[in-house]
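Enquirer:
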Amino acid sequence: MKTLLDRVDKRYGPATALTDVTVEFRPGVTALLGPNGAGKSTLLRILATADRADRGNVRVLGGDPTDADDRHAIRARLGYLPQDPRFYGWFSAYEFVDYVAILHQIHPSSRRRRDVRRVLEAVDLTGRMHRRMNRLSAGEQRRAGIAQALLGEPHLLVLDEPTVGLDPVERLRFRRVVSDVAKEHTVVLATHLMDDVAGFCDRAVVLQQGIVVFDDTVDALAAMAEDRVWLSDAPDPTARHWWRTGRGTYRNIGDPPPYAATTPPTVDDGYLELIDGGAFLPGRSQ
Amino acid sequence: MTKTVRPTHPVLTLAGAESLRHLRNPILWLGTCATIAQAAGRYADGEQPLSSGWVTGDYETVFSAWSWLFLATFVIAALTAGRHTEPRPAEVLSVQPTDAGQRMTAVLLAGIVPTGQAALAAGATCAVVARAGGIATGDFPSLRLIPTAAEAAVAVAIIAVGYTLGVAAALTISSRPSNVLLGALITFLGVAMYWIWGYPRSIFGLFAVPLSSTDLGPNPTEDVKEQWAILHSPADPVYMPHWAGYIRDTDMTAWHAVYLSGIVLLLSAYAIRRATGRVPRWPAVAGLLLAAGGAIMQILTYSGTGN
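Residue numbers (the working numbering), protein chains in the order written: chain A, 3 to 288; chain B, 24 to 330.
Written out as structure tokens, the structure is:
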């Protein structure tokens, strides 16, 4: 049951969102990284059958999303959380998830109710599930969004910035839930939080300006900055990027001077080294 | 990938869920209670109140009472259908196996709730009015009218039209306040001010009030007076010198209910077209036939005077 994009292009008017993107998704957790506007959400929307590619071949769970029957079968085994879903404020969390469960065609009703409770428990929302959505905090609304995506034990889970607004405990809970799904199924998530990537993702795909610039393990992404990270007591003028750490030292990325002792890179370092465009980084040297 | 058979029961399950939401909605119950109170409140004690004001005033008050339920139904329908046009939740909904057409069909089927409440209000009104001996009409205290099945059917059909109209409005105009205002305007012009829809405009309006009067002259013969149900005798020879009789056109009213059911189907077809981009054939064709047939038959069966 392959899920892949093969030479996919996507444009929105004059703007190019994806160019010649080829990537295959396998069971496990794949992190989709890239600067704002890199095409991450577009790629996820195509995977989730919410949008179509202009060119190229798309297979989701072995099916062709342009075929009506295949699309129906894909959607029955898909969980999707868009970037900014904004659910109906006057529904309670339970009503909202139950409504999506009906649309997901989970039946009979006894099974549907069990599944709704299961996913609400998974995101620790049962205590507030009868509160109206507009009375829940942003993090709780996010958790309700994650809950609806988990309905029906999806074979493909597509999540666009799922941990935004979650506190550390809830992020940990989220990692556990998603890791459980990823034991057998495919999870693709877009995020800007490198802790999440390092914490539980198997693989990273990096997009820049609609082009896949990296597709390998998370360790390999960190290794992009191997021997290129060093600490100093003051900003190093030779560094491409630098920032002050909480310990008062400066972390530098770039070509290390001969006197510097390099330090093991993190996923953050590897990502910054890879992207390198860096205009959005406050510590970038000119 | 194996071909899947699309089940139809998700539509029914979803329609059930939408119906339950409607049943729990206090606005619809308020509309129902206000309609019953206005239509039947005067008869609740079982007494026969005398006609007040215009000779058919009490009879027609029963029609304007439907404004409350019509407005409540329009607003609830618009809010429910408007949910499907919000862009961001729509993305979560659009990737579910239940497609937009099925979702909209379920919303439309949930119209059974306000329509059922209309039937309840119509039944309650008829029962209370019948127990009180009928609606006092004309200057003869003995002239009492009990609403017929055709008139009750028109009232119920009007609420069904209100529901589908609300759905159609929400799929056309995205602003909720605008839809509420539109609902209020349609209610005022189409239901509360039913009298502006006299024959032949009533053919295409919401209410087709079946009662029309005719002038029998200042001195009708006893034969003429026996042929007509007398609404009015010249109590004041100067200002009201003529006798008046009435005709109650229940056949035309029944065909008006058929016409309205056609409008319900046409509006449903429009809603599904807006939701999916495809025109559903059978509701469109059936709606067209019923609306056209109902309109033509109203003309053919009309026996009133236009007054």
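We treat Cβ as the ideally placed atom computed from N, Cα and C, and that holds for glycine.
For the region 208-257 of chain B, which segments carrying the alpha helix (DSSP H) assignment without a break, of at least 4 residues, lie completely within its bounds, in sequence order?
Expert: 245-250, all fully within the region 208-257 of chain B.
Enquirer: Thinking C-alpha only, which one of A:TYR14, A:ILE76 and A:VAL269 is nearest PRO156 (chain A)?
Expert: Taking the first residue of the first sequence as 1, we reach residue 156 (chain A) at position 154. Taking only the C-alpha atoms, the option nearest PRO156 (chain A) is A:ILE76.
Enquirer: Using the three-state DSSP reduction, which class does TYR261 (chain A) fall into: helix, strand or coil?
Expert: As a first step, residue 261 (chain A) must be located in the first sequence, where it is residue number 259. The answer is coil: DSSP assigns TYR261 (chain A) none of H, G, I, E or B.
Enquirer: Using a Cβ distance threshold of 8 Å, determine whether the region 85-105 of chain B contacts the region 187-199 of chain B, with at least three qualifying pairs required.
Expert: yes
Enquirer: Report the neighbours of VAL302 (chain B) on chain A: residues whose CB is nearer than 8 Å to its CB, in chain order.
Expert: Here the question's residue 302 (chain B) lines up with position 279 in the second sequence. Result: empty, since nearest Cβ-Cβ is about 18 Å, beyond 8 Å.
Enquirer: Output, in sequence order along the chain, the residues in the region 103-116 of chain A whose CB is closer than 7 Å to any CB in chain B.
Expert: ILE104, LEU105, HIS106, GLN107 and HIS109
Enquirer: Counting only Cβ pairs nearer than 9 Å, list the residues of chain B close to GLN291 (chain A).
Expert: Absent from the model: residue 291 (chain A). The displayed extent of chain A is 3 to 288, so no value can be given.
Enquirer: Since PRO120 (chain B) meets chain A, which of its residues come closer than 7 Å, beta carbon to beta carbon?
Expert: Taking the second sequence and counting its residues from 1, one reaches residue 120 (chain B) at position 97. Chain A residues near PRO120 (chain B): HIS74, ARG77, ALA78, HIS106 and GLN107.
Enquirer: Any idea what DSSP makes of GLN119 (chain B), helix, strand or coil?
Expert: Taking the first residue of the second sequence as 1, we reach residue 119 (chain B) at position 96. Of the three classes helix, strand and coil, the one that applies to GLN119 (chain B) here is coil, per DSSP.
Enquirer: For the region 35-65 of chain A, list every residue whose C-beta sits within 8 Å of some C-beta in chain B, in sequence order.
Expert: ARG47, ALA50, THR51, ALA52, LEU63, GLY64 and GLY65
Enquirer: Here's the rule: buried if 16 or more other CB atoms are within 10 angstroms of the residue's CB, otherwise exposed. What is MET216 (chain B)?
Expert: Position 193 of the second sequence, counted from the first residue, corresponds to residue 216 (chain B). With fewer than 16 other Cβ atoms within 10 Å, it is exposed.
Enquirer: Could you check what DSSP says for SER181 (chain A) in three-state terms: helix, strand or coil?
Expert: As a working mapping, residue 181 (chain A) is identified with position 179 in the first sequence. Residue state, collapsed to three classes: helix.
Enquirer: What residues from chain A crowd round PRO33 (chain B), counting only those whose CB sits closer than 8 Å?
Expert: Indexing the second sequence from 1 puts residue 33 (chain B) at position 10. By Cβ distance, chain A contributes ILE104, LEU105, GLN107 and HIS109.
Enquirer: Rounded to the nearest angstrom, what separates ASN48 (chain B) and LEU143 (chain B) at their Cα positions?
Expert: Against the second sequence, residue 48 (chain B) aligns to sequence position 25. Against the second sequence, residue 143 (chain B) aligns to sequence position 120. In this model, ASN48 (chain B) and LEU143 (chain B) are separated by some 16 Å (Cα to Cα).
Enquirer: Any beta-carbon of chain A closer than 8 Å to the one on ALA292 (chain B)?
Expert: Taking the first residue of the second sequence as 1, we reach residue 292 (chain B) at position 269. Not one chain A Cβ lies under 8 Å of ALA292 (chain B).
Enquirer: Taking the straight line between their C-alpha atoms, what separation do you get for ILE277 (chain A) and VAL102 (chain A)?
Expert: The count along the first sequence starts at 1 and reaches residue 277 (chain A) at position 275. The count along the first sequence starts at 1 and reaches residue 102 (chain A) at position 100. Roughly 38 Å separates the two Cα atoms.
Enquirer: Judging by CA-CA distance, which residue of A:ARG113, A:ALA241 and A:PRO260 is the nearest neighbour of TYR252 (chain A)?
Expert: Walking along the first sequence from the start, residue 252 (chain A) turns up at place 250. Of the candidates A:ARG113, A:ALA241 and A:PRO260, the one whose C-alpha sits nearest the C-alpha of TYR252 (chain A) is A:ALA241.
Enquirer: Counting pairs of beta carbons, one from the region 130-146 of chain A and one from the region 94-114 of chain A, are three or more of them closer than 8 Å?
Expert: yes
Enquirer: How would you write the range of the alpha helix (DSSP H) that HIS45 (chain B) sits in, first residue to last?
Expert: Walking along the second sequence from the start, residue 45 (chain B) turns up at place 22. Element bounds for HIS45 (chain B): 32-46.
Enquirer: Given a threshold of 16 other Cβ atoms within 10 Å of its Cβ, counted over all protein chains shown, does LYS42 (chain A) qualify as buried or as exposed?
Expert: Translated into the one-based positions of the first sequence, residue 42 (chain A) becomes position 40. With 16 or more Cβ atoms within 10 Å of its Cβ, LYS42 (chain A) is classed as buried.
Enquirer: In angstroms with no decimal places, state the Cα-to-Cα distance between VAL214 (chain A) and SER284 (chain B).
Expert: Numbered from 1 along the first sequence, position 212 holds the residue referred to as residue 214 (chain A). Numbered from 1 along the second sequence, position 261 holds the residue referred to as residue 284 (chain B). Each residue's alpha carbon lies about 57 Å from the other.
Enquirer: Taking the alpha carbon of ARG115 (chain A) as the reference point, which residue from B:ASP274, B:THR36, B:THR244 and B:ILE286 has its own alpha carbon closest?
Expert: Residue numbering aside, residue 115 (chain A) sits at position 113 when the first sequence is read from its first letter. The shortest Cα separation from ARG115 (chain A) among B:ASP274, B:THR36, B:THR244 and B:ILE286 belongs to B:THR36.
Enquirer: Do you know offhand how far ARG154 (chain B)'s Cα is from LEU205 (chain B)'s?
Expert: Here the question's residue 154 (chain B) lines up with position 131 in the second sequence. Here the question's residue 205 (chain B) lines up with position 182 in the second sequence. Using only the alpha carbons, I get a separation of about 37 Å.
Enquirer: Quick check: is the beta carbon of VAL115 (chain B) nearer than 8 Å to any beta carbon in chain A?
Expert: Here the question's residue 115 (chain B) lines up with position 92 in the second sequence. Chain A, which has a Cβ nearer than 8 Å to the Cβ of VAL115 (chain B), makes this yes.
Enquirer: Would you kindly report the start and end of the unbroken alpha helix (DSSP H) that includes VAL177 (chain B)?
Expert: Taking the second sequence and counting its residues from 1, one reaches residue 177 (chain B) at position 154. Looking at the DSSP string, the run of the alpha helix (DSSP H) that includes VAL177 (chain B) is 172-195.
Enquirer: Kindly list the residues whose CB is nearer than 6 Å to the CB of GLY146 (chain B), restricted to its own chain and excluding five residues on each side of it in sequence; keep chain order.
Expert: Residue 146 (chain B) sits at position 123 when you count from the first residue of the second sequence. None.
Enquirer: Pull the bridge partners of TYR269 (chain B) from the DSSP assignment, please.
Expert: Your numbering for residue 269 (chain B) matches position 246 in the second sequence. BP columns for TYR269 (chain B) point to B:SER236 and B:ALA252.
Enquirer: Would you please verify whether the beta carbon of THR108 (chain B) is less than 8 Å from any beta carbon of chain A?
Expert: Here the question's residue 108 (chain B) lines up with position 85 in the second sequence. At least 8 Å separates the CB of THR108 (chain B) from every CB of chain A.
Enquirer: Consult DSSP for ALA60 (chain B) and reduce its assignment to one of helix, strand or coil.
Expert: The count along the second sequence starts at 1 and reaches residue 60 (chain B) at position 37. Residue state, collapsed to three classes: helix.
Enquirer: Distance check for LEU166 (chain B) and THR108 (chain B), CA to CA, integer angstroms please.
Expert: As a first step, residue 108 (chain B) must be located in the second sequence, where it is residue number 85. As a first step, residue 166 (chain B) must be located in the second sequence, where it is residue number 143. Those two C-alpha atoms are separated by around 52 Å.
Enquirer: Quick one: using the 10 Å Cβ neighbour count with 16 as the cut-off for buried, is GLY2 (chain B) buried or exposed?
Expert: Because chain B is modelled from 24 through 330, residue 2 (chain B) falls outside the range shown and cannot be assessed.
Enquirer: To which residues of the same chain is GLY201 (chain A) closer than 7 Å at the C-beta, ignoring the five residues directly before and after it?
Expert: Stepping through the first sequence from its first residue, residue 201 (chain A) is reached at position 199. Here the set comprises ARG177.
Enquirer: Between TYR14 (chain A) and chain B, is there a C-beta pair that is closer than 8 Å?
Expert: Your numbering for residue 14 (chain A) matches position 12 in the first sequence. Judged by the 8 Å Cβ criterion, TYR14 (chain A) is not in contact with chain B.
Enquirer: Assuming TRP89 (chain B) and VAL214 (chain B) make a contact with CB atoms under 8 Å, what is their CB distance in whole Å?
Expert: Stepping through the second sequence from its first residue, residue 89 (chain B) is reached at position 66. Stepping through the second sequence from its first residue, residue 214 (chain B) is reached at position 191. That pair is a contact at about 6 Å.
Enquirer: Output yes if chain A places a C-beta closer than 8 Å to the C-beta of THR36 (chain B); else output no.
Expert: Counting from one through the second sequence, the residue named residue 36 (chain B) turns up at place 13. Yes, THR36 (chain B) lies at the interface with chain A (some Cβ there is under 8 Å from its Cβ).
Enquirer: I'd like to check one pair, ARG230 (chain A) with GLU186 (chain A): are the Cβ atoms closer than 8 Å?
Expert: By 1-based counting over the first sequence, the position of residue 186 (chain A) is 184. By 1-based counting over the first sequence, the position of residue 230 (chain A) is 228. Taking the C-beta atoms as reference points, ARG230 (chain A) is found no nearer than 8 Å to GLU186 (chain A).
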